[in-house]
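2 protein chains.
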Amino acid sequence: MSVTAPLGFRAAGVTAGLKSSGRPDLALVVNDGPDHVVAGVFTSNRVVAAPVVWSRTVVGDGVARAVVLNSGGANACTGPEGFGDTHRTAEHVGEVLGVSAGDVVVCSTGLIGERLDMPALLGGVDAAAAALGADGGEAAATAIMTTDTVTKQVLVQRPLGPAGATSTDDGISWIVGGMAKGAGMLAPGLATMLCVLTTDAVVTAEDADAALRAATAVTLDRVDSDGCMSTNDTVVLLASGASGVPVGAEELTEAVTAACASLARQLVADAEGATHDIAVTVRGATNEDAAVAVARAVTRSNLFKAAVFGNDPNWGRVLAAVGTVPADVAPFEADAVDVAINGVTVCRGGGVGEDRSRVDLAAAREVRVEVDLHAGAAEATVWTNDLTHDYVHENSAYST
Amino acid sequence: MSVTAPLGFRAAGVTAGLKSSGRPDLALVVNDGPDHVVAGVFTSNRVVAAPVVWSRTVVGDGVARAVVLNSGGANACTGPEGFGDTHRTAEHVGEVLGVSAGDVVVCSTGLIGERLDMPALLGGVDAAAAALGADGGEAAATAIMTTDTVTKQVLVQRPLGPAGATSTDDGISWIVGGMAKGAGMLAPGLATMLCVLTTDAVVTAEDADAALRAATAVTLDRVDSDGCMSTNDTVVLLASGASGVPVGAEELTEAVTAACASLARQLVADAEGATHDIAVTVRGATNEDAAVAVARAVTRSNLFKAAVFGNDPNWGRVLAAVGTVPADVAPFEADAVDVAINGVTVCRGGGVGEDRSRVDLAAAREVRVEVDLHAGAAEATVWTNDLTHDYVHENSAYST
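Residue numbers (the working numbering), protein chains in the order written: chain A, 1 to 400; chain P, 1 to 400.
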């Protein structure tokens, strides 16, 4: 599993002392090559944390050697001093690893508006560098957790083809591994998260960038737990080429998408306080953007999400949310819309359908909402969670 | 107070039996003239309840005689049968009052997707007609409540000018009265509500329409308790002309705006489960629309609203919400933004400002958030509430 599954990567996770809880809070992922390809996508929030400003530049030339990630502080809204802290972190990692600071991606997560404890952080970098290993993926995934209750990791293996080249003896041709964190402020663009993907495939920087953008657009961008967009979202793909297997754009996109889809689903499953994961699928839209817009309107309805928490298949709240989407964004007739919840079509033609009492939401964590607009052939799914007492508690009792 | 304060109006509120609680659930407001001017604004949701479809037509010619309102059922998403129920309600009111059904505005509120108990409702109309009186405003305001805990009523009096014409002996020239309901699904366009305003001023239908649109745009449209838009929102202004005082567009707009502002504030103060009312004022915007867009982004941040519930002046969550507004909608530089909470500038220039511990949110129900974009001279205020355990409870434990 995780970021060290592909050949050519080492990782570590240590306790630098940034978290008052004393839990692990600093992770380092190193790409030992032979290639050092990188691609990155970042939050679309206009208020961006210092590490995002820094890392956008780092990935710009398609080359990176390492990613350093800390929890226990977002280093967002910290001004020029905060940017200086990020710069210094990258320089220190560069010195310790013997690489250029300009090839070090920096990610931070935690409370906005507070400076990082730099002596602790730099000490953590030293400790992490000393602990680097090909089995360090699990520790790295643990060190980036904030309100996450479990680590999120993924492994996508591609078997040898009939005539496949290989660098391994186990029938595996190449691998995509990954880790992510994120449990709140989970909304696009990009679900609020830090995510590092690694692969030992031989790929170009252009293909890596295209694959990552295509993959996140239909996976991590379609997780909307609480409608709140973060200042720190970063998804990075590192490619070492260590398998010796050249992989084309299509193959790479497919594998990276599978990895991102798994991580996205894991994020939803661990969202703050949630008792239900809700997949809102919109069908019959005129185009995919329209389907996404309608699905997003439903996933952002506090009333609908609270109803799901109460195991109430309240399709009226679904329809009320669907109706808020402007006609120029998603053409449809309100009296044509069907809504099915867990397979029961509780709303047909914009009115009462099958008996809502046939829907048993208490039986499972996963809830499937299917909206058919009957206006076209496009569809899309957006994932969210229910709105619960525990969500309110976690986000009112603690500053994050 | 209320809708019967101006001359020329009678009202009643009775128990028709639509609510399982046995509480009053049917209100009737009658304009006895001599004028029968009406203006109305309605939800911008594309999924609209039958009474909205009906009432849009009724107000189209600027003439209405009465408004009948029921709680205990929204008559939304009920198909052609539901529209038939609304039509029949208007016809019955018309018969009982001796007016045309086409001059009867119908409003409904309650659960979406269920048919109304028409025998009960029509019996309620008979009882309300029999109970009509110039002192019936309070009873009418009570009968339209759903999850409201108190009635919302308003009275705006305009004194006699030095040479003012008058129809009363108390120094009052003309009056705007009003009532409203709404505690959840409180978001524009229009805060989810039913609202009836009355005036005894002599006004044209054109001036009434213009005044109502201008007034709601800056008051009821700027309440956003939970980001959820209803299917039934209706605001109606009835003018009887009974004061004999001709009132111009400007004067009327001013008084109607004052009445709507009061009702909007009352709605926020009674929002489901709220412990804080939050006024988000955005200054320094390039134009008013930009200011509203930024304010709305903050008022829709579940994370910020949960923080306020926890009495945590979490300006990072404010800034994260501000940053989600696209640059073409609201031009500003992220590192120029100031945020003050209850007068303490906790964020200055996009970074740390005064000590957040100086903000005491526990001291009062009202919280003032001021965002200065430093990009222009326009400003706007949007009201919301905190996100609380009780909001989740009210909207998960009961179908509404």
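A virtual CB, placed ideally from N, CA and C, is assigned to each residue, including glycine.
Cutoff 7 Å: residue i Cβ touching any chain A Cβ
i: arginine 435 (chain P); result: Nothing about residue 435 (chain P) can be read from this structure; chain P reaches only from 1 to 400.
i: glycine 353 (chain P); result: no
i: alanine 242 (chain P); result: no
i: leucine 160 (chain P); result: no
i: serine 167 (chain P); result: Residue placement at serine 167 (chain P) is poorly supported in this model, since its pLDDT is 48, which falls under 50; the coordinates still yield a value, given next. Chain A contact via Cβ: absent.
i: alanine 269 (chain P); result: no
i: alanine 306 (chain P); result: yes
i: alanine 334 (chain P); result: yes
i: glycine 273 (chain P); result: no
Where the alpha helix (DSSP H) through residue i begins and ends
i: cysteine 260 (chain A); result: 249-269
i: arginine 213 (chain P); result: 205-217
i: aspartate 390 (chain P); result: 389-397
i: leucine 121 (chain A); result: 118-131
Chain P contact for residue i (CB, 7 Å cutoff)
i: proline 188 (chain A); result: With a pLDDT of only 42 at proline 188 (chain A), under 50, the local geometry of the prediction cannot be trusted, and the value read off the model is given with reservation. No - not a single Cβ of chain P is within 7 Å of the one on proline 188 (chain A).
i: asparagine 395 (chain A); result: yes
i: alanine 291 (chain A); result: no
i: leucine 7 (chain A); result: no
i: alanine 191 (chain A); result: Reliability fails at alanine 191 (chain A), whose pLDDT of 40 lies under 50, so the model's placement of it is uncertain and the value that follows must be treated cautiously. Not an interface residue.
i: leucine 303 (chain A); result: yes
i: glycine 310 (chain A); result: yes
i: glycine 164 (chain A); result: With a pLDDT of only 47 at glycine 164 (chain A), under 50, the local geometry of the prediction cannot be trusted, and no value is derived from it.
i: glycine 350 (chain A); result: yes
Bounding residues of the beta strand (DSSP E) (the contiguous stretch that carries residue i)
i: glycine 40 (chain A); result: 37-42
i: glycine 284 (chain P); result: 277-285
i: alanine 380 (chain A); result: 378-385
i: alanine 180 (chain A); result: 172-181
i: glycine 350 (chain A); result: Where glycine 350 (chain A) is concerned, there is no enclosing beta strand (DSSP E), given that its DSSP letter is neither H nor E.
i: alanine 12 (chain A); result: 9-14
i: alanine 340 (chain A); result: 338-341
i: aspartate 372 (chain P); result: 366-372
i: valine 104 (chain P); result: 104-108
i: cysteine 228 (chain P); result: Here cysteine 228 (chain P) belongs to no beta strand (DSSP E), and DSSP marks it neither H nor E.
i: valine 99 (chain A); result: Neither: valine 99 (chain A) is in no beta strand (DSSP E) and is coded neither H nor E.
i: alanine 239 (chain P); result: 234-239
i: leucine 18 (chain A); result: Counting along the chain, leucine 18 (chain A) falls outside any beta strand (DSSP E), and DSSP gives it neither H nor E.
i: threonine 4 (chain A); result: Neither: threonine 4 (chain A) is in no beta strand (DSSP E) and is coded neither H nor E.
i: leucine 197 (chain P); result: 194-199
Quick one, which residues of the region 69-87 of chain P are near chain A if we go by CB-CB under 9 Å, in chain order? Listed by position, the residues of the region 69-87 of chain P near chain A (Cβ gap below 9 Å) are Ala74, Ala76, Cys77, Thr78, Gly79, Pro80, Glu81, Gly82.
Report task. Entirely within the region 292-325 of chain P and at least 4 residues each: give me those alpha helix (DSSP H) ranges in chain order. Result -> Look at the region 292-325 of chain P and you find these whole runs of alpha helix (DSSP H), each 4 residues long or longer: 302-309, 315-322.
**Asked** What residues from the region 312-331 of chain A come within 9 Å of chain P, judged by C-beta to C-beta, listed N to C?
**Response** Only those residues of the region 312-331 of chain A whose C-beta falls short of 9 Å from the nearest C-beta of chain P are listed: Asp312, Asn314, Trp315, Gly316, Arg317, Leu319, Ala320, Ala321, Val322, Gly323, Thr324, Val325, Pro326, Ala327.
Which full runs of the beta strand (DSSP E) of 3+ residues lie inside the region 137-164 of chain A, going along the chain?
You should have 152-159.
Residues within the region 360-391 of chain A neighbouring chain P, beta-carbon criterion of under 7 Å:
Listed in sequence order: Leu387, Thr388, His389.
Using Cβ-Cβ distances below 9 Å, what residues of the region 103-128 of chain A are close to chain P? Listed by position, the residues of the region 103-128 of chain A near chain P (Cβ gap below 9 Å) are Leu111, Ile112, Gly113, Glu114, Arg115.
Please identify, using Cβ separations under 9 Å, the residues of the region 35-69 of chain A that lie next to chain P, in order along the chain.
Listed in chain order, the positions of the region 35-69 of chain A with a beta carbon within less than 9 Å of a beta carbon of chain P are Thr43, Ser44, Asn45, Arg46, Val47, Val48.
| Got a sec: which bits of the region 241-267 of chain P sit with their beta carbon under 8 Å from any beta carbon on chain A, in order along the chain? | Result list empty, no residue passes.
Stretch pair the region 240-249 of chain A + the region 4-16 of chain A: three plus CB contacts closer than 8 Å:
By the Cβ test, the region 240-249 of chain A is in contact with the region 4-16 of chain A, since at least three Cβ pairs between them sit closer than 8 Å.
Query raised in the report: Quick check: the region 88-98 of chain A against the region 250-269 of chain A, are there 3 or more CB pairs under 8 Å?
Result: Here the region 88-98 of chain A does not lie against the region 250-269 of chain A, with fewer than 3 beta-carbon pairs under 8 Å apart.
| query | Given 8 Å as the limit, is there contact between the region 201-215 of chain P and the region 29-48 of chain P, that is, 3 or more CB pairs closer than that? | reply | Counting Cβ pairs under 8 Å, three or more are found: they touch.
Task: Proximal residues, the region 17-29 of chain A versus chain P, C-beta separation under 7 Å - done: Within the region 17-29 of chain A, no residue has a Cβ that lies closer than 7 Å to any Cβ of chain P.
Curious, which full-length beta strand (DSSP E) runs of at least 3 residues does the region 31-80 of chain P contain?
Taken in chain order, the unbroken stretches of beta strand (DSSP E) that lie wholly in the region 31-80 of chain P and span 3 residues or more are 37-42, 66-70.
Three-pair Cβ contact test at 8 Å for the region 17-32 of chain A versus the region 54-62 of chain A:
Cβ pair count under 8 Å is below three, so no.
The region 44-52 of chain P / the region 211-220 of chain P touching (three or more Cβ pairs under 8 Å) | With the rule of 3 Cβ pairs closer than 8 Å, the region 44-52 of chain P does not count as touching the region 211-220 of chain P.
Inspect the CB distances between the region 280-296 of chain P and the region 363-374 of chain P and report whether three or more fall short of 8 Å. The region 280-296 of chain P is in contact with the region 363-374 of chain P.
Q. Between the region 135-153 of chain A and the region 242-260 of chain A, do three or more beta carbon pairs fall short of 8 Å?
A. The region 135-153 of chain A makes no contact with the region 242-260 of chain A, as fewer than three CB pairs between them are under 8 Å.
At a cut of 8 Å, does the region 319-326 of chain A reach the region 297-304 of chain A through at least three beta carbon pairs? By the C-beta criterion, the region 319-326 of chain A is judged to be in contact with the region 297-304 of chain A, since at least 3 inter-stretch pairs fall below 8 Å.
- Item | the region 148-158 of chain P / the region 112-121 of chain P touching (three or more Cβ pairs under 8 Å) | Contact between the region 148-158 of chain P and the region 112-121 of chain P is absent, because fewer than three Cβ pairs lie under 8 Å.
query: Between the region 194-208 of chain A and chain P, which residues of the former have CB atoms less than 7 Å from a CB of the latter, in chain order?
result: Hits within the stretch: zero.
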